[in-house]
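S.K.:
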Amino acid sequence: MKSSQSLILLLTAIPFFLASCTKDDSSVTTHSSEKTKVIISDAEKIGLDTSKLESYIIRSSGDDIQATEESISVESGSSDVIALIDDGEQPVLVARKFEGDSVVNLSLASTAEMMVLFNPHFSGRKSSNPKELSRRIRSHEDFRKLEESIAIAITTGNPCPISPRCNAYSARIALKIAGSIVIEDLYQGE
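With this note's numbering applied, the sequence shown covers 5 to 194.
Okay, structure coming up:
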């Protein structure tokens with residue numbers, strides 16, 4: 005089976021960067037009836053065949069859910085990070101879910117943002133305003149260049165398109181963005 009035909013959606017927490025992109029939500033209670041809609045964007049741009057969604061699986065809290073539409077619902081509160089994983093267990097698209105979000109969009113933009121957040125500038129830090137941090141990252145002058153470089157890595161068959169060891173060009177752009185945006189006001193009281 006080809007890698008592009010056996011993509012798996014994996015709802016997962018990735019510990020090394022969760023601390024940098026989420027608030028402590030231990031006081032938040034979720035109900036199993038609440039759903040978060042997951043939408044895959046930029047599918048055509050990266051060569052993802054959405055007509056074969058029956059081969060997609062959503063993994064949420066260890067339960068597999070068969071995907072049958074381009075938008076998929078998963079249990080809310082299960083995780084703060086959602087990733088589209090290929091059959092080689094490599095993330096292709098990732099996004100973070102903010103508290104209270106009813107829709108999460110897996111896209112090149114969300115993936116580029118997460119690639120910026122993978123940088124040491126954010127390691128172990130919790131932003132007081134994660135949505136403002138997101139806005140600042142996405143408004144950086146090199147953000148579109150980062151999105152494009154990730155798209156190229158995906159479409160040319162890079163085995164791990166958002167890993168710095170496999171995609172050094174995108175990693176350098178992400179590092180530049182991480183190092184040049186003003187964030188001190190979002191981390192007061194550390």
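Just so it is clear, CB atoms sit at the ideal spot from N, CA and C, and this is done for glycine as well.
Going by DSSP in three states, Asp146 sits in which element: helix, strand or coil?
M.R.: Looking at Asp146 - three-state DSSP - the assignment turns out to be coil, as it is neither helix nor strand.
S.K.: Is the segment 173–190 touching the segment 114–133 in the sense that three or more CB pairs, one from each, lie closer than 8 Å?
M.R.: The segment 114–133 vs the segment 173–190: in contact.
S.K.: Please list, in chain order, all residues of the same chain as Asn171 whose beta carbon is under 8 Å from its beta carbon, the five residues on each side excluded.
M.R.: Contacts found: Ser153, Ile154, Ala157, Asn162, Cys164, Pro165.
S.K.: Considering only DSSP beta bridges, list what Lys49 is partnered with.
M.R.: Paired residue(s): none; Lys49 is not in a bridge.
S.K.: On the DSSP bridge list, what partners appear for Val120?
M.R.: For Val120, which the question treats as bridged, DSSP gives no partner whatsoever.
S.K.: Can you give me the C-alpha to C-alpha distance between Gly128 and Ile185, rounded to a whole angstrom?
M.R.: So the alpha carbons of these two residues sit roughly 18 Å apart.
S.K.: With distance defined between alpha-carbon atoms, name the residue in Phe102, Ala87, Ala116 nearest to Ser131.
M.R.: Minimum Cα distance to Ser131 is reached at Phe102.
S.K.: Tell me which residue opens and which closes the alpha helix (DSSP H) that Leu179 is part of.
M.R.: First-last of the alpha helix (DSSP H) with Leu179: 172–184.
S.K.: If you measure between the beta carbons of Ile141 and Leu88, is that distance less than 8 Å?
M.R.: No, the Cβ-Cβ distance between Ile141 and Leu88 is not below 8 Å.
S.K.: Out of curiosity, what's the CA-to-CA distance linking Asn133 and Arg139?
M.R.: Their Cα atoms are separated by approximately 10 Å.
S.K.: So what does DSSP say about Arg100, is it helix, strand or coil?
M.R.: Here Arg100 sits in strand by DSSP.
S.K.: At what residues does the beta strand (DSSP E) containing Asn109 begin and finish?
M.R.: Run containing Asn109: 107–110, per the beta strand (DSSP E) assignment.
S.K.: Is the Cβ-Cβ distance between Ile187 and Leu137 less than 8 Å?
M.R.: Cβ distance < 8 Å, so Ile187 and Leu137 count as in contact.
S.K.: Shortest alpha-carbon distance to Thr159 belongs to which of Phe126, Ala47, Gly51, Asp90?
M.R.: Comparing Cα positions, the closest option is Gly51.
S.K.: Taking the straight line between their C-alpha atoms, what separation do you get for Glu48 and Leu112?
M.R.: Distance between the alpha carbons of Glu48 and Leu112: 11 Å.
S.K.: Would you say Ile86 and Val96 are within 8 Å of each other, going by their C-beta atoms?
M.R.: Cβ atoms of Ile86 and Val96: not closer than 8 Å.
S.K.: Exposed or buried, which one is Arg100 when buried takes at least 16 other CB atoms within 10 Å?
M.R.: The residue in question, Arg100, is buried, as its Cβ has 16 or more Cβ neighbours within 10 Å.
S.K.: Return yes when at least one heavy atom of the ligand FMN lies under 7 Å from the C-beta of Ile86, else no.
M.R.: As presented, the structure is devoid of all ligands, the ligand FMN included, so that no description of it is given.
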